[in-house]
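Contents: one structure, followed by commentary.
There are 2 protein chains.
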Amino acid sequence: MGDEVEIRFEPEGKTVRIKKGKSVLDAAYEAGILIDAPCGGRGLCGKCKVRIVDEFLPVSPAEERLLTPEEIANGIRLACQFIPQNNLVVELLEPVLEAVQKAELERMVVKLRGKCPISKYFLSLPPPSLSDQRSDEERLLSALPEAKVLTPIVRRDLPRILRESDFKVTAVVLGDEVIAVEKGNTEEEIYGIAIDIGTTTLAGYLVHLPTGRKIASDSRLNPQVAYGADVISRIRYTIDREDGLNEMRNTVIEGVNNLLEDICTYTGVCQDRIYQATIVGNTCMTHFLLGVDARNLAFTPYVPAFTRMVKTRAKTIQLNISPEGWVYVLPNIAGFVGADTVGVILATKLYRRKGNYIAIDIGTNGEMALGTEEGITVCSTAAGPAFEGAHIRFGMHATKGAINRVYISDDVKLSTIDGETPKGICGSGLLDAVAEMYKVGILDYTGRMLSYEEASHLPPSLRERLTTIDGERCFILVRGKENEINRDIYITQKDVRELQLAKGAIRAGIEILLNKKGLSVDDLDGIFLAGAFGNYIRRDSALRIGLLPPLPIDKIYPVGNAAGRGAMMALISPRMLKRAEEIARKCQYIELSALPEFTNYFMDAMYFPL
Amino acid sequence: MGDEVEIRFEPEGKTVRIKKGKSVLDAAYEAGILIDAPCGGRGLCGKCKVRIVDEFLPVSPAEERLLTPEEIANGIRLACQFIPQNNLVVELLEPVLEAVQKAELERMVVKLRGKCPISKYFLSLPPPSLSDQRSDEERLLSALPEAKVLTPIVRRDLPRILRESDFKVTAVVLGDEVIAVEKGNTEEEIYGIAIDIGTTTLAGYLVHLPTGRKIASDSRLNPQVAYGADVISRIRYTIDREDGLNEMRNTVIEGVNNLLEDICTYTGVCQDRIYQATIVGNTCMTHFLLGVDARNLAFTPYVPAFTRMVKTRAKTIQLNISPEGWVYVLPNIAGFVGADTVGVILATKLYRRKGNYIAIDIGTNGEMALGTEEGITVCSTAAGPAFEGAHIRFGMHATKGAINRVYISDDVKLSTIDGETPKGICGSGLLDAVAEMYKVGILDYTGRMLSYEEASHLPPSLRERLTTIDGERCFILVRGKENEINRDIYITQKDVRELQLAKGAIRAGIEILLNKKGLSVDDLDGIFLAGAFGNYIRRDSALRIGLLPPLPIDKIYPVGNAAGRGAMMALISPRMLKRAEEIARKCQYIELSALPEFTNYFMDAMYFPL
């Protein structure tokens, strides 16, 4: 084995052994991870960037040419140039992850795809005359055997479109309806969009419907965050202001439309050629999107107005795709287990796995589902927004400059998103920091932070980071002189408590789900971590602080935005759309706040494992 | 027979023989005509007013008490008091006609009615709790076995309505949809509305759906007349103004909504309790109503945008009934044979009659349908607006003060609508005047009006009415001193020509329909005259001027607003709604302007029969 090295790719969690002398790019191919390398690994294009964790080797001439000094300082290297000498952890960067997930989805859709529900017909119609006075409607419909009805906008626009295009048009048919008529031949352009409306993030996935191929995806902040980080503050806003609900609705649809416009602009796809949309989101977000009062979600017994799937025209909700196209808002399960969880269950195939699996979507709420052979049980825990960076002294969203990895040994090492100088700390950075602080003994198992005086066992480089600011103990991660904001970035005792509350809530949910089904951790075959947060946290850190139960690390699967992927599956496959309804109907929901034992589980789960 | 007299009721055209000594009210009962007489014919209530034509008998004390001198002067008498001494023509007044038609419709609906498509369920739902956290939607739907979907407005309003009514609500179910939810128990209130949108007149019929009973009806001027009397000027307006089509659409829906509001106000029916509507109208009116460009109807080859039935939500067209209720706009047949003609065909049962029948709806256009055992053939003739009173020197709509009957013997006798002093002349008055002028020789068979000099054969009382005004021959009907407007009301030579053009067009249409089917007048089993105009004209006058082919008068049936009645049938009976679609699909349309022979027929038909 002396001539082999082991390479682990994070956050995919895949490990391969390669012969010494092979590159990281070779290792990636062997692991089935598609790193985009248009030049074929010749050190010419500079696309195969990865981050090499904990090892530094001399920079190749190609790297010197293609990477900035900042990148090199942050461990960014070209996979084709880096020849590992020892076992190594390689971190995949955003574009690579994208590519990996895209490839995965493409493999998936080939299996999923049914008949594309949208058909297009290019027609060259005979113009009317006194001996052929058929109405425009009749002229069109009689050339389309399956279609029987014009939608109102087609009925309105048909006379003009026919005459402006010399009676050469493309009809877009869905079921027995003509949902659009376009000038000339547009038969090739048939798109759909899957949308995930998170409390914090909006994500959109543009799909070519006949092939099921993902064309592009993008995400951005949900502009509703201006009304509060959590759903409860937003609901409060809709209660306090007369037009608040409407404002909230307009804000989210505007955000979605902007996202859509951007995706269409850089792909060159015309928005009017998108004929179908699937939307997932938590229950409150789907209420807001449809302009439905969500106030009863804010008060016990937390009753949503609706849970079933909603099928509506794009024009009805002002979604800027083909106006008569259909939008499917996937069903919710309960007040705090929404359509996004249905998407996660779809994407992780929890509904048909043999064995016992848990899927967790960690965000402001931690929604989780336990799939056993008896069915699916779900619950939601109010993790609070700590994982989103809220209520944390230097907390921030997972955007450029956020500390997202922390390693503590003799000193503190950290990385930031996009390798920029640190501005603050995002959820995965916080989790890492706390886990590492516990590892080296800065925190005890109850979460208490040691004072400088107590921490005599620490090396000075760490010990001197312990201080008291505004009467509160804290641990300095980055000194002011080393960062963007010109002041120390530190973790406070209160930050640690916030994280403990959040992780305690989630862990309690997991324990209760298992308990309700008479299972223990040993019966668990795997945990899927969904969502951006779940995708980027270090699993060893999550295990160390006890966010997750003690399971072998290779049974923990980060699955990325599974909610969005579920929405894409429902977009591509009518069978999956139906499955989504079944899932929502059959899931058993547990209301944690109604369980007297919840508090005990919660208290126990707040501590760190010994 | 000496002790019997014959009483003919106009415009119903029913004749009965009664023993001398019986009253006109008795005669009406015998003829099956329901004259409203709450006092039972005792001369107490004064409700059984009729007009006695051409006979004057002494006024009874009851009449003296209950009638005004003006009424008596205009021939208005009480049916219960008037004991005919000779054969007599009795004219039924508006309220009586209403009652007659209502009774007729009620007899009809008993046969027509299927299962009412709307169901209402009063529900007393269990309020939510932590052990029953079902969504509001689920709570409602699980109490309604047939319903599966909430409509958007119900989804939006349900949380509020449930809580404001202590979870005691009435659900309105149509098919698998809940289209409304109302506070408390409203199970009894289920209404529908049938609407006839004429170029000139809007008519509405409010129906109690479970029983099929007509509750009320009303009509008013189509406010679009402000944009022109005929459809072509209105289409021109939509072409010339950027927002013209929208303006035209808003005008008609506002008119319909005002009509609806009035009907609901005086019946005490809540507009939100109307869940279904059927609408008929000519092709241009249905285009305007739906906001569809009708410009291609104005130019050869006169192509409509659509002809098929349109099913749409009330909210979509802003019709102020229950917003999620369904509106059916009945199908059109061709550019100038609209849904109103489909209504006429439905109401006259032309689609299943044995024998050959023609139904004519005379308005600005004369749409007509010939039903034979081989099917139905339709055409439309551009009669022009003469019958509506337009382009006539003293022409006016058939409203209060319009001369509607003219009798000429030694002198001119006339009646007006509501017995008011004459203000002008409406279509039926014009037709009467011309027919009578031809009868006594004031007009020759070509329609030429004799000059005073030529008319030496006339009695002086008539001859002195012939004069020349502004260089044009004319015949004075009412002297200025005898009328409201303080000036002579007369018929000009040009008025006669306008009428000739109008009646020539209609007669030519009838002849061509017969000819296309290889039929002659002798093969014809009857003619139905639909529409207000057809209902009120004197059939002998129509025959005298040759508007209708020479048929025995008792084979000509005035049928009132058959288009509206057809709409009502489709409202009450899903079977009839389907029948309407069949009729529109199967009718054979003849485009008269494409027939070279039309001009000949038209020229021949302009003259008066010798």
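From first to last, the protein sequence lines stand for chains A and B. The opening position of the first sequence corresponds to residue 1 in the numbering used here, with each subsequent residue numbered one higher. The opening position of the second sequence corresponds to residue 611 in the numbering used here, with each subsequent residue numbered one higher. Quick reminder that beta carbons are idealized off the backbone N, C-alpha and C, glycines included.
Interface positions of the stretch 1188–1207 of chain B facing chain A (Cβ-Cβ less than 9 Å), listed along the chain: 1199, 1201, 1203 and 1204: these are the residues of the stretch 1188–1207 of chain B whose beta carbon lies less than 9 Å from some beta carbon of chain A, given in chain order.
Taking any Cβ of chain A, which residues in the stretch 933–950 of chain B have a Cβ under 8 Å from it, in chain order? Per Cβ criterion, the list reads 942, 944 and 945.
For the structure I just gave you, are there three or more beta carbon pairs, one from the stretch 313–322 of chain A and one from the stretch 249–260 of chain A, closer than 8 Å? Inter-segment contact for the stretch 313–322 of chain A and the stretch 249–260 of chain A is present: three or more beta-carbon pairs are separated by less than 8 Å.
Option in A:306, A:566 and A:275 with minimal Cα separation from residue 288 of chain A: Looking at the Cα atoms, A:306 is the closest of the given residues.
If you check the beta carbons only, do residue 611 of chain A and residue 398 of chain A fall under 8 Å apart? This structure leaves residue 611 of chain A out entirely; chain A is present only between 1 and 610.
Relative to the C-alpha of residue 341 of chain A, which residue among A:356, A:374 and A:379 is closest? Check the Cα spacing between residue 341 of chain A and each of A:356, A:374 and A:379: the tightest is with A:379.
Suppose the cutoff is 7 Å on Cβ atoms and the five residues either side in sequence are ignored; what does the same chain contact list for residue 353 of chain A look like? Listed in chain order, the non-local C-beta contacts of residue 353 of chain A below 7 Å within the same chain comprise 371, local neighbours out to five positions each way being set aside.
What residues from chain B crowd round residue 133 of chain A, counting only those whose CB sits closer than 9 Å? By Cβ distance, chain B contributes 911, 912, 913, 914, 944, 945, 1199, 1201 and 1204.
Under the DSSP definition of a beta bridge, which residues are partnered with residue 802 of chain B? According to DSSP, residue 802 of chain B bridges with B:817 and B:886.
Name the two residues that bound the continuous beta strand (DSSP E) containing residue 1012 of chain B. Judged by DSSP secondary structure, residue 1012 of chain B falls within the beta strand (DSSP E) whose first and last residues are 1012–1018.
Tell me, please, whether the CB atom of residue 405 of chain A is closer than 8 Å to any CB atom in chain B? No, no contact with chain B.
Report the partner residues of residue 538 of chain A according to the DSSP bridge assignment. Per DSSP, none; premise fails for residue 538 of chain A.
Within its chain, find whatever has a CB closer than 6 Å to the CB of residue 977 of chain B; leave out the 5 residues flanking it on each side and keep chain order. Around residue 977 of chain B: 947, 951, 971 and 990.
Suppose only complete runs of 3+ residues qualify. What are the beta strand (DSSP E) ranges in the stretch 722–799 of chain B, listed by chain order? DSSP runs (the beta strand (DSSP E)) wholly in the stretch 722–799 of chain B: 728–734, 778–784 and 787–793.
Taking the continuous beta strand (DSSP E) assigned at residue 976 of chain B, which residues delimit it? 976–982 is the span of the beta strand (DSSP E), which, as asked, contains residue 976 of chain B.
Alpha-carbon spacing of residue 797 of chain B relative to residue 996 of chain B, whole angstroms: Linking residue 797 of chain B to residue 996 of chain B through their CA atoms gives a straight-line distance of about 48 Å.
Determine, using beta carbons only, whether residue 900 of chain B comes closer than 8 Å to chain A. Yes, contact with chain A.
Consult DSSP for residue 831 of chain B and reduce its assignment to one of helix, strand or coil. Residue 831 of chain B carries a strand assignment under DSSP once its states are collapsed to helix, strand and coil.
Quick check: the Cα distance between residue 486 of chain A and residue 282 of chain A, rounded to an integer number of angstroms? Cα to Cα, the separation comes out at about 38 Å.
What residues in the stretch 197–213 of chain A have a beta carbon less than 7 Å from any beta carbon of chain B? From the stretch 197–213 of chain A, no residue has a Cβ closer than 7 Å to chain B.
Looking only at C-alpha atoms, which of A:408, A:177 and A:488 sits nearest to residue 324 of chain A? Closest by alpha carbon: A:177.
Chain-ordered chain A contacts of residue 738 of chain B [CB-CB under 7 Å]: The contacting residues are 301 and 303.
With DSSP collapsed to three states, give me the class of residue 1197 of chain B. Looking at residue 1197 of chain B - three-state DSSP - the assignment turns out to be coil, as it is neither helix nor strand.
Residue range of the beta strand (DSSP E) that includes residue 1083 of chain B: Its beta strand (DSSP E) spans residues 1082–1088.
Against chain B, with Cβ distances strictly below 8 Å, would residue 138 of chain A count as a contact? Yes, because at least one Cβ of chain B sits closer than 8 Å to the Cβ of residue 138 of chain A.
Decide yes or no for the touch test of the stretch 742–757 of chain B against the stretch 772–789 of chain B: beta carbon pairs closer than 8 Å, at least 3 of them. Contact annotation: the stretch 742–757 of chain B touches the stretch 772–789 of chain B, with at least three C-beta pairs closer than 8 Å.
Say whether the stretch 152–165 of chain A touches the stretch 210–221 of chain A, bearing in mind that this needs 3 or more beta-carbon pairs closer than 8 Å, one atom from each stretch. No, because fewer than three Cβ pairs between the stretch 152–165 of chain A and the stretch 210–221 of chain A fall closer than 8 Å, the two stretches do not touch.
For residue 1168 of chain B, does the three-state DSSP call read helix, strand or coil? In the structure shown, residue 1168 of chain B sits in a strand (DSSP, three-state: E or B).
Taking only three categories from DSSP, how would you classify residue 898 of chain B? Here residue 898 of chain B sits in helix by DSSP.
Are the stretch 866–878 of chain B and the stretch 902–922 of chain B touching by the rule of at least three beta carbon pairs closer than 8 Å? These segments do not touch.
Mind checking whether residue 158 of chain A and residue 118 of chain A have CB atoms under 8 Å apart? Going by C-beta atoms, residue 158 of chain A is not nearer than 8 Å to residue 118 of chain A.
If you follow the beta strand (DSSP E) that residue 306 of chain A is in, where does it begin and where does it stop? Per DSSP, residue 306 of chain A belongs to no beta strand (DSSP E) and is neither H nor E.
State the Cα-Cα distance for the pair residue 1178 of chain B and residue 200 of chain A, rounded to the nearest angstrom. Rounded to the nearest whole angstrom, the CA to CA distance from residue 1178 of chain B to residue 200 of chain A is 54 Å.
Strictly below 9 Å CB to CB, what residues from chain A border residue 770 of chain B? Under the 9 Å cutoff, chain A gives 293.
Check for me: the beta strand (DSSP E) holding residue 77 of chain A runs from which residue to which? Start and end: 76–78.
Between residue 127 of chain A and residue 167 of chain A, what straight-line distance do the alpha-carbon atoms span, to the nearest angstrom? Residue 127 of chain A and residue 167 of chain A have their C-alpha atoms some 6 Å from each other.
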